[in-house]
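Protein chains in written order, with this note's numbering: chain A, 18 to 223; chain B, 60 to 308.
Beta carbons are placed, not taken as given, at the ideal position from N, Cα and C, and that holds for glycine.
Computed from a predicted model, the values in this text were never measured in an experiment.
Data first, discussion second: the structure below is written as structure tokens.
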């Protein structure tokens, strides 16, 4: 027969032995390189580690955030991803994120009206924290950088037309959800600080 | 032919004979180059060779680019700019790599269309069609990773969008993304991986698959029966006419 490969009958024992040995050799040959290549995925997905250490970085001040608009800040986070060549195991680079900061529904909180600075009481900090939007500028669809359009009062994505409201909530287009929100805190002097942590998911920001 | 011309021809033939006797190079070249194709649409049967030519061009110019390209986030674009503005023929070499990559995608599309329309994917050539589909996936991924290696705004955002598309893979989306990025953010490791995938991994997959594609082509030959359709139809009508004539008798 043309397609016949093995003419001698193989006993069950031989078959099992061959299968077992084949599996063993296959595992020895494939598992080390696969794990080697998947090291970052194992660290991130299984062990929950991030390239960006959990540090608070300053963004700006609550006194700078306008009513009825969005203020964009650039924030640099430390990033440890590769060997730095200087003796350290992980090189400390930086990763720059654009952060969109606005007040909920664009309304300036009453306690900030006519106030240009000064220390805030714990109660004021609490109130402002509940009204502040600190958003990633990465579209939740495919990661393109979004931009606020004052005329429309909406945040738009240039790539595929995703639309978000000023709070980062989903309005229309292909995005599956609203914009990612940074973990943030407001300090007594009015300073806004963020961590490279996000509410409800990982945007793989740049 | 003049006597000097015939002398040159004789000399050429004797050189070829000498080479053929020792290396079989002439018969091998004939075997490699000559393939009978259907008489209709014959120029369309050169699209596969055009694809192979463009891929070879990609390999050659890619090797040349490697002499100057630096795969680090702070030097990748600078090294390309340097190559384009300072290196002799740098613009030409990179231009050929870039434009032949673009042309490659178009030519592969046409080649695939010709294969489909001429019915050359039918039995016993199904496996060659499948190998071809894998090849177009690899070439597309090569084009995409090459785009990212520039590490300029366009390439960077294209890579970001591509990685995010991969994040939608069911069940293993996070694994695919962190594998491609080399972490959970885009950074130096992402470019290293991009480079390794574009320069080593994908060409290493591409080359043997091209070999399989060519082997299967040689084994089964070109066919494209659909281009012969009208001729076959005429033959069929003629046979039926003759059979009908036989029955009447």
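Asked, Found
"Between which two residues does the alpha helix (DSSP H) carrying residue 272 of chain B extend?", "261-279"
"Indicate whether the contact test is met: 3 or more Cβ pairs, each with one atom in the region 105-123 of chain B and one in the region 159-166 of chain B, closer than 8 Å.", "yes"
"Who are residue 120 of chain A's beta bridge partners in DSSP?", "A:149"
"To the nearest whole angstrom, what separates the beta carbons of residue 156 of chain A and residue 134 of chain A, a pair I think is in contact under 8 Å?", "The pair is not a contact, with the Cβ atoms about 34 Å apart (cut-off 8 Å)."
"For residue 110 of chain A, which residues does DSSP report across the bridge?", "A:96"
"Looking at chain B, which residues of the region 37-68 of chain A have a Cβ within less than 7 Å of any of its Cβ atoms?", "54, 55, 57, 58, 61, 62, 67, 68"
"Going by other Cβ atoms of all chains shown within 10 Å of its Cβ, with 16 needed for buried, is residue 209 of chain B buried or exposed?", "buried"
"In angstroms with no decimal places, state the Cα-to-Cα distance between residue 182 of chain A and residue 168 of chain B.", "41 Å"
"Nearest chain B C-beta to residue 221 of chain A closer than 9 Å, yes or no?", "yes"
"Helix, strand or coil for residue 213 of chain A per DSSP?", "strand"
"If you run the structure through DSSP and keep just helix, strand and coil, what is residue 194 of chain B?", "helix"
"Name, please, each residue of chain B whose Cβ falls closer than 7 Å to the Cβ of residue 159 of chain A.", "220, 223, 224"
"Given a threshold of 16 other Cβ atoms within 10 Å of its Cβ, counted over all protein chains shown, does residue 254 of chain B qualify as buried or as exposed?", "buried"
"Would residue 114 of chain B be called buried (16 or more neighbouring beta carbons within 10 Å of its own) or exposed?", "buried"
"Once the 5 residues before and after residue 251 of chain B are set aside, which same chain residues still bring their CB inside 7 Å of it?", "130, 241"
"List the residues of chain B that residue 31 of chain A touches, going by C-beta distances under 8 Å, in chain order.", "Neighbours of residue 31 of chain A on chain B: none; closest Cβ ~31 Å, over 8 Å."
"Whose Cβ in chain A lies nearer than 8 Å to the Cβ of residue 129 of chain B?", "Residues of chain A passing the Cβ test: none, with the nearest at roughly 14 Å."
"Output the boundary residues of the beta strand (DSSP E) element that contains residue 101 of chain B.", "Unbroken run through residue 101 of chain B: none, as it is neither H nor E."
"In whole angstroms, what is the alpha-carbon distance linking residue 220 of chain B and residue 160 of chain A?", "6 Å"
"In chain order, what residues of the same chain lie with their CB nearer than 8 Å to the CB of residue 27 of chain A, ignoring the 5 residues before and after it?", "35"
"Taking C-beta to C-beta, are residue 80 of chain A and residue 130 of chain A nearer than 9 Å?", "no"
"Just the C-alpha distance for residue 276 of chain B and residue 174 of chain B, rounded to the nearest angstrom, thanks.", "12 Å"
"In whole angstroms, what is the alpha-carbon distance linking residue 243 of chain B and residue 61 of chain A?", "6 Å"
"Name the two residues that bound the continuous alpha helix (DSSP H) containing residue 202 of chain A.", "Counting along the chain, residue 202 of chain A falls outside any alpha helix (DSSP H), though it belongs to the beta strand (DSSP E) covering 199-203."
"Could you tell me which residues DSSP pairs with residue 187 of chain A in its beta bridges?", "A:181"
"Roughly how many angstroms lie between the CA atoms of residue 155 of chain B and residue 139 of chain B, to the nearest whole one?", "14 Å"
"Is residue 218 of chain B buried or exposed, if buried means 16 or more other CB atoms sit within 10 Å of its CB?", "buried"
"What residues in its chain sit with their C-beta under 7 Å from that of residue 274 of chain B, if we drop five residues either side in the sequence?", "none"
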